[in-house]
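For the sequence shown, position 102 matches number 102 in the UniProt record's numbering, and the numbering has no gaps at all.
This report concerns only the one structure given below.
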Amino acid sequence: MALVLHSGAGNKNAFKALIAAEYSGVKVELTKDFEMGVSNKTPEFLKMNPLGKVPVLETPDGPVFESNAIARYVARLKDDNPLFGSSRIEQAHVEQWMDFAATEVDPGVGWYLYPRLGYIPYAHTTEETAIASLKRSLGALNTHLALNTYLVGHSVTLADIVLTCNLYHGIARILTKSFTSDFPHVERYFWTMVNQPNFKKVIGEVKQAESVPPVLKKGVPPKESKAKDVKKETPKEAPKPKVVEVPAEEEAPKPKPKNPLDLLPPSKMVLDDWKRLYSNTKTNFREVPKFVMDEVYDMELYEWTKVDISDEAQKERVNAMIEDQEPFEGEALLDAKCFK
Numbered sequence: 001m002a003l004v005l006h007s008g009a010g011n012k013n014a015f016k017a018l019i020a021a022e023y024s025g026v027k028v029e030l031t032k033d034f035e036m037g038v039s040n041k042t043p044e045f046l047k048m049n050p051l052g053k054v055p056v057l058e059t060p061d062g063p064v065f066e067s068n069a070i071a072r073y074v075a076r077l078k079d080d081n082p083l084f085g086s087s088r089i090e091q092a093h094v095e096q097w098m099d100f101a102a103t104e105v106d107p108g109v110g111w112y113l114y115p116r117l118g119y120i121p122y123a124h125t126t127e128e129t130a131i132a133s134l135k136r137s138l139g140a141l142n143t144h145l146a147l148n149t150y151l152v153g154h155s156v157t158l159a160d161i162v163l164t165c166n167l168y169h170g171i172a173r174i175l176t177k178s179f180t181s182d183f184p185h186v187e188r189y190f191w192t193m194v195n196q197p198n199f200k201k202v203i204g205e206v207k208q209a210e211s212v213p214p215v216l217k218k219g220v221p222p223k224e225s226k227a228k229d230v231k232k233e234t235p236k237e238a239p240k241p242k243v244v245e246v247p248a249e250e251e252a253p254k255p256k257p258k259n260p261l262d263l264l265p266p267s268k269m270v271l272d273d274w275k276r277l278y279s280n281t282k283t284n285f286r287e288v289p290k291f292v293m294d295e296v297y298d299m300e301l302y303e304w305t306k307v308d309i310s311d312e313a314q315k316e317r318v319n320a321m322i323e324d325q326e327p328f329e330g331e332a333l334l335d336a337k338c339f340k
């Protein structure tokens with residue numbers, strides 16, 4: 001019996017198991033024509049999960065529900081799966097970040113998004129609390145990712161899969177660029193993850209939300225409001241140009257002091273492309289200087305420095321950055337900016 005995942009095609013919690021399956025070489029079939037509110041209320045489904053929640057994984061040994069448990073089950077079907085880390089401490093850190101994604105990121109996104117979609121009552125104070133909590137969580141994550149390409153170790157783990165899926169839910173629906181720009185390392189991490197082949201195969205192209213969903217009017221069903229309000233409010237939109245002009249007025253004081261970096265000549269090197277190339281390339285650290293010279297196309301505009309290996313802190317920094325390092329023998333090493 002093949003593994004069958006009961007869920008709709010766009011469910012971010014289902015994505016966790018499907019991406020884990022891609023990394024693990026496990027075949028998981030997604031149910032076709034799954035209709036939320038109908039398929040999950042059938043007697044057959046309720047036998048697998050009495051709460052009627054999705055996703056549910058149907059296995060030869062019985063059903064499994066809760067998305068993180070399903071993702072773990074799928075990943076464990078591959079022996080010594082690197083998705084769990086390469087040591088006991090890494091395994092603990094994978095679990096740590098999975099819990100962080102479930103208890104910090106997911107609730108913050110949910111309490112910000114769901115009231116605006118009409119799933120739960122909207123309250124301004126609740127939204128403010130949710131935003132503050134989410135920013136606190138993303139701030140902690142941003143600090144960690146300032147020095148790390150991945151959450152744990154030097155490759156994708158189950159923690160990256162779970163956290164990215166939870167971030168996807170927010171970034172695709174409500175977290176606009178103006179919100180996420182305060183967390184540049186989280187942004188870099190997220191776009192790096194969703195552009196990995198195994199992620200992209202499941203999620204597809206990801207676009208960031210351009211605006212925050214408006215709060216639905218009380219007592220007005222979401223679907224009916226669009227049809228009826230258009231007719232009623234069409235005449236009222238005539239005097240609205242004054243309101244539309246507000247952004248233009250806000251743009252007037254926009255002239256800001258020029259950033260010194262803007263005065264630099266244009267570079268052929270796309271920094272994000274270089275960072276992805278560097279972080280995803282496996283190489284012995286002694287080959288890094290040649291790697292930099294071969295793959296970096298702008299050695300003049302960017303500043304490149306050699307590591308002072310007499311400094312213990314620098315030596316530790318490089319050892320943490322490079323896999324399969326060998327003992328230093330006294331030669332300076334070209335430090336490729338340590339993009340982690």
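Just so it is clear, CB atoms sit at the ideal spot from N, CA and C, and this is done for glycine as well.
Whole-angstrom C-beta distance between residue j and residue i, which should lie under 8 angstroms
{"i": "N142", "j": "H93", "result": "About 17 angstroms separates the two Cβ atoms, so there is no contact after all."}
{"i": "F190", "j": "L167", "result": "5 angstroms"}
{"i": "V194", "j": "E22", "result": "Not a contact, Cβ separation roughly 13 angstroms."}
{"i": "L158", "j": "F100", "result": "L158 to F100, Cβ: 13 angstroms. No contact."}
{"i": "T176", "j": "S137", "result": "No, T176 and S137 are not in contact; Cβ-Cβ is about 17 angstroms, not under 8 angstroms."}
Cut-off 6 angstroms between Cβ atoms - residues of its own chain near residue i, not counting five sequence neighbours on either side
{"i": "L30", "result": "L5"}
{"i": "W111", "result": "A130"}
{"i": "residue 357", "result": "Because the chain is modelled from 1 through 340, residue 357 falls outside the range shown and cannot be assessed."}
{"i": "K16", "result": "S67, A71, I161, V162 and C165"}
{"i": "P63", "result": "M48 and V56"}
{"i": "H144", "result": "none"}
{"i": "R116", "result": "P213 and V215"}
Alpha-carbon to alpha-carbon, residue j and residue i
{"i": "R88", "j": "G153", "result": "12 angstroms"}
{"i": "I120", "j": "Y114", "result": "6 angstroms"}
{"i": "N148", "j": "L46", "result": "42 angstroms"}
{"i": "E205", "j": "S310", "result": "46 angstroms"}
{"i": "R188", "j": "I174", "result": "18 angstroms"}
{"i": "V156", "j": "V38", "result": "36 angstroms"}
{"i": "I161", "j": "L264", "result": "38 angstroms"}
{"i": "D80", "j": "Y73", "result": "13 angstroms"}
{"i": "G139", "j": "G8", "result": "32 angstroms"}
{"i": "G170", "j": "D106", "result": "8 angstroms"}
{"i": "A209", "j": "Q91", "result": "33 angstroms"}
{"i": "K207", "j": "S181", "result": "15 angstroms"}
{"i": "H124", "j": "P197", "result": "39 angstroms"}
{"i": "S86", "j": "E312", "result": "26 angstroms"}
{"i": "residue 358", "j": "S178", "result": "Outside the modelled stretch of the chain, which goes from 1 to 340, sits residue 358, for which no answer is possible."}
{"i": "P43", "j": "Y122", "result": "33 angstroms"}
{"i": "D308", "j": "P82", "result": "33 angstroms"}
Closest by C-alpha distance to residue i, when choosing among the options
{"i": "E35", "options": "L18, G10 and A17", "result": "G10"}
{"i": "V28", "options": "G37, V56, P43 and P50", "result": "V56"}
{"i": "T192", "options": "K217, A21, C165 and W97", "result": "C165"}
{"i": "E66", "options": "P50, V215 and N81", "result": "P50"}
{"i": "A75", "options": "P60, L117, A20 and K32", "result": "A20"}
{"i": "A172", "options": "S267, K12, G8 and E312", "result": "K12"}
{"i": "A69", "options": "L18, K32 and D33", "result": "L18"}
{"i": "residue 398", "options": "D33, F183, E104 and S267", "result": "The question about residue 398 has no answer here: the residues shown for the chain are numbered 1 through 340."}
{"i": "Y150", "options": "Y122, A102, E127 and M98", "result": "M98"}
{"i": "G118", "options": "E312, K32, K217 and E104", "result": "K217"}
{"i": "E104", "options": "P43, E312 and K135", "result": "K135"}
Neighbourhood of residue i by C-beta, 7 angstroms cutoff - its chain only, sequence neighbours within 5 removed
{"i": "S133", "result": "G108"}
{"i": "V270", "result": "none"}
{"i": "G52", "result": "N40, K41, F45 and L46"}
{"i": "E127", "result": "Y112 and P115"}
{"i": "A102", "result": "N68"}
Same chain, Cβ closer than 8 angstroms to residue i, five either side skipped, listed in chain order
{"i": "K78", "result": "S24, G25 and V26"}
{"i": "Q96", "result": "A159"}
{"i": "A14", "result": "L5, S7, G8, L30, V54, P55 and S67"}
{"i": "K226", "result": "With a pLDDT of 41 at K226, under the threshold of 50, the predicted position of this residue should be treated as unreliable, though the coordinate-derived value follows. Once the five neighbours on either side are set aside, K226 has no close Cβ partner at all."}
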